[in-house]
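First to last, the protein sequences are chains B and P.
369 is the number that full-length UniProt numbering gives to position 369 of the first sequence; each next residue is one higher, with no gaps.
192 is the number that full-length UniProt numbering gives to position 192 of the second sequence; each next residue is one higher, with no gaps.
Don't be surprised by glycine CBs; every beta carbon is placed ideally from N, CA and C.
Every value quoted in this text rests on a predicted model; they were computed, and no experiment measured them.
Number of protein chains: 2
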Amino acid sequence: MQVEPQTFDRVLSSMCTEPHPDARTAAERFLATNPGDPGTYPTVTELEEEAVSMLGEIAGLDSPAGYVASGGTEANIQAVRIARDRFESRTSNRVGDHTPNRNERSTPNVVMPESGHFSFQKAANVLGVELRIVPTDDDHRADLEAVRHSVDDRTALVVGVAGTTEYGRVDPIPELGEIARSVDALFHVDAAWGGFVLPFTDYEWNFSHAPVDTMAIDPHKMGQAAVPAGGLLAREETLLDELAIDTPYLESTSQATLTGTRSGAGVASAVAAMEALWPGGYQRQYARSQHNADWLADALVARGFEVVEPTLPLVAADVPVSTFDSLRREGWRISRTATGEMRIVCMPHVTRSMLEAFVADLDRLQCRASVPVVSDD
Amino acid sequence: MQVEPQTFDRVLSSMCTEPHPDARTAAERFLATNPGDPGTYPTVTELEEEAVSMLGEIAGLDSPAGYVASGGTEANIQAVRIARDRFESRTSNRVGDHTPNRNERSTPNVVMPESGHFSFQKAANVLGVELRIVPTDDDHRADLEAVRHSVDDRTALVVGVAGTTEYGRVDPIPELGEIARSVDALFHVDAAWGGFVLPFTDYEWNFSHAPVDTMAIDPHKMGQAAVPAGGLLAREETLLDELAIDTPYLESTSQATLTGTRSGAGVASAVAAMEALWPGGYQRQYARSQHNADWLADALVARGFEVVEPTLPLVAADVPVSTFDSLRREGWRISRTATGEMRIVCMPHVTRSMLEAFVADLDRLQCRASVPVVSDD
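Quick look at the structure:
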C-alpha cells in the first residue's frame, strides 16, 4: 500500500488532531488489545477504569460511571438510549423486557437546541424517539424560553451542548438542567469537543455545576488521544444499568456498549494523553488555541468579514463561496456552517504560522477574485 | 504510563489476533486520520472504498455496497436496522419519516439460531424489534424446521451464522436464505469471524451462494487487520439507503454509520492486510489453523475428553471446571461456551508449540487434580 495520509499542516476543519506523542506510543503498544474482552485483556480493562476516573475528574464528578466509547456519536446515542429506557420503565406497566412493545404508548421525545450534533438525529432514528429541535438565540446558544415551551410530560431527555460544533458556543447548562428536572427528564451535556478546554474557563458546564445525568466527552478531540477514544460519563451506575440486556444490572461494561470488540489502542492513548496533559498541558494548549482563534477573528474582522466572535477556539466568518472554494483548491481543509459561514477549529496542531499562511492565501485569493479575469485563466 | 499489555503467547480465547506487520505499519501511519470526515481526509476515504471492494471479492459480491465498521457488533446492529426500516417502509402507510410512530403496529421480528452472537440481542434492545431465538440441532447448526416455524409475516430479517462464536459452525445458508425469501424478509449472514477462512472450504456461505442481502465480515478477526476494522456489506446501495436520515438516499457513508469520527488506522490496516494476504496468505493461514484445531481435538479425544469436532479452526471440549480454572491460573486465556465447555480459537497467532505447551499443562493439572491432596496444598 503505497499511499500516505495527508499532513495536518492545512487542516483547519477537524475536531480531531495529532495525538500527543505519549498517546501515539501507547496506541501502538496496545494496538492488539481489546477492552471488550476483559477476560482475555485484563491490563487494558484496568486502563479503561483509569480513563473513566480521569474523565470524571475533568468533568467534576467523583466516582463516575462510564466507559471509553468509539466516539461522541456513540456516547450521545447511548445517552438517548438510557433516557428512553429510563422513561419507559418509569411510565410503563408492562412485565418483563423481552418484547419492547411501544404500541399502546406515544413516542417519548428528546429536546435539543438546533446547534446539537447530527448524532442526536441518528439516535432518534435508531432508537425510535422524537427529536424536538429548538431554535438557538442570536448568540447561537439554546433559547431557554423555547426549550421550556418544547418540553412536556413525554420528554425523556434534555440536551445541552458545551462547545457546539459550528460556533463553539456553550449553552446555559445549569438552567437547561433545571428545565429537565422540572419535567422529570434526564439531562445530557454534549461536551465531546468542549470538555478538555472548558475546565480553564468560567463557564458552568459539568456535573459539579448542574444536575447533569450523562455527558459525552471525547479524549480523541481536544484531549489529544488517538482515534477511537470517545467518552460516556454517567452520574451513577444505575444510569448505565439502563443499558443492561436481559439482566437488571450490568454484568460488565462490555454488555452496555454499542460495539463488541473495542480498541485498546484508543483506551491506552486516552490514559497516556490525560496523564501527560491534565491539567497543565491542557490549560496551556487552551490558552494557545484561544489566542490563535482570537488572532484569526481579529484578522478577519480587519479584512471586513463578519465574524462570529469566538467564545472557544472556533471561528466562523462570512467568507464568500468563491473564496472558500479557492482556498480549498489550495489544499486548505476548511468547512462551512449550515448557514454558509466558513468555520475554522483551532485545534492543538493549528499554529499561528499556519493561520498566518492561511490569511496570506485568503488575501491573495480575495484580490484575485476582485480583479476581472481574462477567460483563459 | 508504565504498564505493558499481556503477550499473545497464552491467548486461546480471542477471535482477534496480532495484526499482520503490514497492517500494523498502515495503522500507525494512518493513526491520525478519520474516514468519518471525507472532506478533510480524502486519502483514507478512498482506502475505505478499496477495503469494501476487497471484502466484496472475498464474499462473492461484485459492486458491493458497505463500509468499514467499528466491528461485527455494529455491522449486525445495522443489518437489523436496515431490515427494520425496510419492513416499516414496506408495511407502513404513514407519510414522512420524522416521527417514527410504531403505535398502531405490532413489533417486527428477527429470527436467529441460538448460536447467534450477543450483538443481535443488543440490536433488538436498541432498535425495538423482537428477537426470536430458535434452537440449533445436534450439530449446533440452525434447525431449518424450527426456523420455518418461527418466521411469519412480521419477520423483517432472518439471520444465518457462517462461523459461530462458540463452535465454529456454518449454518445451512442457502436454505435459510430461501426461508427468508418465502416470507419477504431480508437475509443477513454473520461471517464476522468465518469470512476470512470460508473461501477455502466447500461451505456455501456468501452472496454468490445464496440470496444474502447483508453480511458482517470483520478484517480485525481472521483478516489480521488492526482493531477497529469490522465490515458491513450489502448486496446493493438501496439497502444501505435505509440508513439515511431525513433524506431518501445516503449522501455519504458517514451518515449511515453508528459512529461519527472513525478510525483511519482500522481502514488502512484492513486494506494493507488484505493486500498482503488475499488470497494465498489467508489460504495458508486457514490450513495451518485448521490443522492446529484438528491436532488439538485429537489430543483432547486421546485424553478422554468429549470434543465437539472442529469444522472450522475452533475447538470445544468438556474439560472440568477445576481444570479450566487451574489452566487460567497458569495464565492461559481460555473461554467457556454457554453449556460449560472449554472453547479454544485457533487464530493466526496460535502455534502448534503453544498448543503443545497447553496440552502439557493440561496433563500436569489433570494429574494433580486426580491425586488426593493434603490440606496444606
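*residue 258 of chain P touches chain B at which residues, Cβ-Cβ below 9 Å?*
70, 73, 74, 77, 122, 126, 258 and 259
*Verify whether the separation of the beta carbon atoms of residue 379 of chain B and residue 3 of chain P is less than 8 Å.*
Past the boundaries of the shown model lies residue 379 of chain B; chain B is included only from 1 to 377, so the question cannot be answered.
*For residue 69 of chain B, write down the residues that DSSP places opposite it in a beta bridge.*
B:230
_Cβ pair residue 385 of chain P, residue 26 of chain P closer than 8 Å_ = Residue numbering for chain P in the displayed model covers 1 to 377; residue 385 of chain P lies beyond these limits and cannot be assessed.
*Can you list, in chain order, the residues of its chain whose CB lies under 6 Å from that of residue 347 of chain B, leaving out five sequence neighbours each side?*
17
*Under 8 Å by Cβ, that's how I've got residue 170 of chain P and residue 158 of chain P pegged, so tell me the actual separation to the nearest angstrom.*
About 15 Å separates the two Cβ atoms, so there is no contact after all.
*May I ask you to report which of helix, strand or coil DSSP gives residue 336 of chain B?*
DSSP places residue 336 of chain B in strand when its eight states are reduced to three.
_Touching by the beta-carbon criterion (3+ pairs, under 8 Å), the region 247–262 of chain P and the region 70–78 of chain P_ = yes
*Can residue 161 of chain B and residue 190 of chain B be called in contact, C-beta distance under 8 Å?*
yes
*Consider the Cβ of residue 116 of chain B: report whether some Cβ of chain P lies at a distance smaller than 8 Å.*
no
*In chain B, which residues lie with their C-beta within 8 Å of the C-beta of residue 30 of chain P?*
5
*Every unbroken alpha helix (DSSP H) inside the region 172–242 of chain B [4 residues or more]*: 173–182 and 237–240
*Would you say residue 16 of chain B reaches chain P, if we count a Cβ-Cβ gap shorter than 8 Å as a contact?*
yes
_Give me the subset of the region 267–281 of chain B whose CB atoms are less than 8 Å from a CB atom of chain P, sorted by chain position._
Those residues of the region 267–281 of chain B that come within reach of chain P (Cβ to Cβ, closer than 8 Å) are 268, 271, 272 and 275.
_Within chain P, partners of residue 52 of chain B - CB distance below 7 Å_ = None at all; the shortest Cβ gap to chain P is about 15 Å.
*Count the CB pairs spanning the region 286–295 of chain B and the region 247–257 of chain B that are closer than 8 Å, and state whether there are at least three.*
no
*Does the count of Cβ pairs from the region 181–189 of chain B and the region 38–47 of chain B closer than 8 Å reach three?*
no
*Relative to the C-alpha of residue 279 of chain B, which residue among B:199, B:209, B:118 and B:164 is closest?*
B:199
*Between which two residues does the alpha helix (DSSP H) carrying residue 155 of chain P extend?*
Premise fails: residue 155 of chain P lies in the beta strand (DSSP E), 155–161, not in any alpha helix (DSSP H).
*Do residue 212 of chain P and residue 168 of chain P have their CB atoms nearer than 8 Å?*
Inclusion of residue 212 of chain P and residue 168 of chain P in the CB contact set at 8 Å is not warranted, their separation being larger than that value.
*asked:* Please classify residue 364 of chain B as buried or exposed, where buried requires at least 16 neighbouring CB atoms within 10 angstroms.
replied: exposed
*Using DSSP with H/G/I as helix, E/B as strand and the rest coil, what is residue 38 of chain B?*
Coil, per DSSP.
*asked:* In this structure, how does DSSP classify residue 33 of chain B when only helix, strand and coil are distinguished?
replied: coil
*Please state whether DSSP places residue 58 of chain B in a helix, a strand or coil.*
helix
*What span of residues does the alpha helix (DSSP H) with residue 271 of chain B cover, start to end?*
Counting along the chain, the alpha helix (DSSP H) containing residue 271 of chain B begins and ends at 264–277.
_Counting only Cβ pairs nearer than 9 Å, list the residues of chain D close to residue 33 of chain B._
Of the protein chains in the structure, B and P, none is chain D.
*asked:* Please report the distance separating the alpha-carbon of residue 96 of chain P from that of residue 172 of chain P.
replied: Confidence at residue 96 of chain P is low in this model, with a pLDDT of 47, below 50, so the placement of that residue is unreliable and no value is reported for it.
*Distance, Cα to Cα, residue 313 of chain B vs residue 13 of chain B?*
12 Å
*Using 10 angstroms around the beta-carbon of residue 104 of chain P, count the other beta-carbons present and answer buried if the total reaches 16, otherwise exposed.*
Note that residue 104 of chain P scores a pLDDT of 43, beneath 50, so its modelled location is shaky; the value from the coordinates is reported in the next line. Around the beta carbon of residue 104 of chain P, fewer than 16 other beta carbons sit within 10 angstroms, so the residue counts as exposed.
*How big is the Cα-Cα spacing for residue 321 of chain P and residue 307 of chain P?*
15 Å
*Does DSSP put residue 373 of chain B in a helix, in a strand, or in coil?*
Confidence at residue 373 of chain B is low in this model, with a pLDDT of 49, below 50, so its placement is unreliable and the value that follows should be read with caution. Residue 373 of chain B falls in the coil class under three-state DSSP.
*With DSSP as the reference, label residue 1 of chain P as helix, strand or coil.*
coil
*residue 138 of chain B: buried (16+ other C-beta within 10 angstroms of its C-beta) or exposed?*
exposed
*Measuring only between beta-carbons, confirm whether residue 245 of chain B sits less than 8 Å from chain P.*
yes
*Could you spell out the range, first to last residue, of the beta strand (DSSP E) harbouring residue 130 of chain B?*
Looking at the DSSP string, the run of the beta strand (DSSP E) that includes residue 130 of chain B is 130–134.
*What does residue 109 of chain P pair with, by DSSP beta-bridge criteria?*
P:130 and P:155
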